[in-house]
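Scroll down for the structure; my scribbles are underneath it.
Protein chains: 2
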Amino acid sequence: MKRNTRQRQAIRDVLIRAGRPLTPHEILTASQEIIPSLGIATVYRTINSLREAGELNPVELPGETPRYEMAGKGHHHHFHCLHCDRVFDIHKCISDFEEMRPEGFILDRHAVILYGTCEECNNK
Amino acid sequence: MKRNTRQRQAIRDVLIRAGRPLTPHEILTASQEIIPSLGIATVYRTINSLREAGELNPVELPGETPRYEMAGKGHHHHFHCLHCDRVFDIHKCISDFEEMRPEGFILDRHAVILYGTCEECNNK
DNA sequence: ATCTTTGCAAAACCTTTGCACTGCG
DNA sequence: CGCAGTGCAAAGGTTTTGCAAAGAT
Numbered sequence: 000m001k002r003n004t005r006q007r008q009a010i011r012d013v014l015i016r017a018g019r020p021l022t023p024h025e026i027l028t029a030s031q032e033i034i035p036s037l038g039i040a041t042v043y044r045t046i047n048s049l050r051e052a053g054e055l056n057p058v059e060l061p062g063e064t065p066r067y068e069m070a071g072k073g074h075h076h077h078f079h080c081l082h083c084d085r086v087f088d089i090h091k092c093i094s095d096f097e098e099m100r101p102e103g104f105i106l107d108r109h110a111v112i113l114y115g116t117c118e119e120c121n122n123k
Numbered sequence: 000m001k002r003n004t005r006q007r008q009a010i011r012d013v014l015i016r017a018g019r020p021l022t023p024h025e026i027l028t029a030s031q032e033i034i035p036s037l038g039i040a041t042v043y044r045t046i047n048s049l050r051e052a053g054e055l056n057p058v059e060l061p062g063e064t065p066r067y068e069m070a071g072k073g074h075h076h077h078f079h080c081l082h083c084d085r086v087f088d089i090h091k092c093i094s095d096f097e098e099m100r101p102e103g104f105i106l107d108r109h110a111v112i113l114y115g116t117c118e119e120c121n122n123k
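Protein chains in written order, with numbering that gives the first Met the number 0: chain W, 0 to 123; chain R, 0 to 123.
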């Protein structure tokens, strides 16, 4: 029932090529290099459609508009560069969060966000 | 030089009395019980002013609109109960996040959010 | 009396929606 | 062809800003 339009495939390609979570606006500008007429409404509609299809996961960081990345990456966290505002995946994870759990609470899952300067900004 | 207006004090009182982080809209409705004419613009301007003054800290959780609480709590993280949706402070913190830092990146700070069941919900 | 702060309304954002047209299947 | 998907523009929702009036020092 989902049609494989040029727009839908362009957005998929952009997300796969980026390898990091992108904001709707980042998706828009990158997709417009493939299809210049592609509009922001299509970006939002395609994001929601790909999410329902399980192809796309939201990356929600505190105080930030949601970003999106292709699904199937397994457990990972994010590094937010405070200079260029880009977000990078971190695949290393320390695992003793149980120590932080308050007495009597049950821990299901955790989120970690690291903030700082990415390699590229650091070299400028 | 900040003037101590009725509006500013009302918003301070609301936040102190609540004892939990409030959204701008929650601050508005609670403040209007003290000063009915108080407007949303004043809420936002006062939030920003109190933040600059260091009296107020944002509590930003992934996918949630920002909330605000009075400052002075020191370094802490949050436990978000998935059943009652309340957020609790966690004052214990493990400290080897440097291990997760990608090569070439500089780590300034970190955020941790634990998700699960709080003691009260667990006992129900 | 001065000059910040307020309240209102408009503007600036971001995301969603309505509608006629395009184009995939 | 038929109908889901697109592009545009307009509508919602939230936060910010401009300005005359109110009010704190």
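Just so you know, even glycine gets a beta-carbon here, dropped at the ideal spot from N, CA and C.
Please read all numbers here as calculations on a predicted model, not as lab measurements.
Within the chosen definition, does the segment 50-57 of chain R reach the segment 86-99 of chain R through at least 3 CB pairs nearer than 8 Å?
no
W:Ile33, DSSP secondary structure in three states:
Translated into the one-based positions of the first sequence, residue 33 of chain W becomes position 34. W:Ile33 falls in the coil class under three-state DSSP.
Taking all protein chains shown into account, do 16 or more other C-beta atoms lie within 10 angstroms of the C-beta of W:Tyr67, making it buried, or fewer, making it exposed?
By one-based count along the first sequence, residue 67 of chain W stands at place 68. W:Tyr67 should be labelled buried.
Beta-carbon separation of R:His74 and R:Thr116 under 9 Å?
In the second sequence, the residue the question calls residue 74 of chain R occupies position 75. In the second sequence, the residue the question calls residue 116 of chain R occupies position 117. Not a contact, by the Cβ cut-off of 9 Å.
For a contact meaning CB atoms closer than 9 Å, what does R:Leu21 contact in chain W?
Sequence index remark: in the second sequence, residue 21 of chain R carries index 22 (1-based). Result: empty, since nearest Cβ-Cβ is about 16 Å, beyond 9 Å.
Beta carbon of W:His77 nearer than 9 Å to that of W:Val111:
For the purposes of this step, residue 77 of chain W is taken as residue 78 along the first sequence, with counting starting at 1. For the purposes of this step, residue 111 of chain W is taken as residue 112 along the first sequence, with counting starting at 1. Yes, the pair counts as a contact, with Cβ atoms nearer than the cut-off.
Helix, strand or coil at W:Leu68 [DSSP, three-state]
Within the first sequence, the letter at position 69 stands for residue 68 of chain W. Reading off the sequence shown, one finds Glu at residue 68 of chain W, where the question assumed Leu. W:Glu68 falls in the strand class under three-state DSSP.
What is the DSSP secondary structure of R:Thr116, reduced to helix, strand or coil?
Here residue 116 of chain R refers to the residue found at position 117 of the second sequence. Reduced to three states, the DSSP call for R:Thr116 is strand.
Where are the alpha helix (DSSP H) runs, 4 residues long or more, that stay fully inside the segment 42-90 of chain W, in chain order?
none
Got a sec: which bits of the segment 100-121 of chain W sit with their beta carbon under 8 Å from any beta carbon on chain R, in order along the chain?
Arg100, Pro101, Glu102, Gly103, Phe104, Ile105, Leu106, Asp107, Arg108, His109, Ala110, Val111, Ile112, Leu113, Tyr114, Gly115, Thr116, Cys117, Glu118 and Asn121
Which partner residues does W:Leu21 have in the DSSP bridge list?
Numbered from its first residue, the first sequence carries residue 21 of chain W at position 22. DSSP output for W:Leu21 lists W:Tyr67 as bridge partner(s).
Could you tell me which chain R residues have their CB closer than 8 Å to the CB of W:Gly62, listed as they occur along the chain?
Here the question's residue 62 of chain W lines up with position 63 in the first sequence. Those within 8 Å of W:Gly62 in chain R are Pro57, Glu59 and Pro65.
Quick check: what's the CA-CA separation for W:His109 versus W:Phe96?
In the first sequence, the residue the question calls residue 109 of chain W occupies position 110. In the first sequence, the residue the question calls residue 96 of chain W occupies position 97. W:His109 and W:Phe96: Cα-Cα distance of roughly 8 Å.
Chain R residues whose Cβ lies nearer than 7 Å to that of W:Asp95
Counted from its first residue, the first sequence places residue 95 of chain W at position 96. Chain R residues near W:Asp95: Ile93.
Residue burial classification, R:Thr41 (beta-carbon count within 10 angstroms, cutoff 16)
As a first step, residue 41 of chain R is located in the second sequence; it is residue number 42 there, counting from the start. Buried is the call here.
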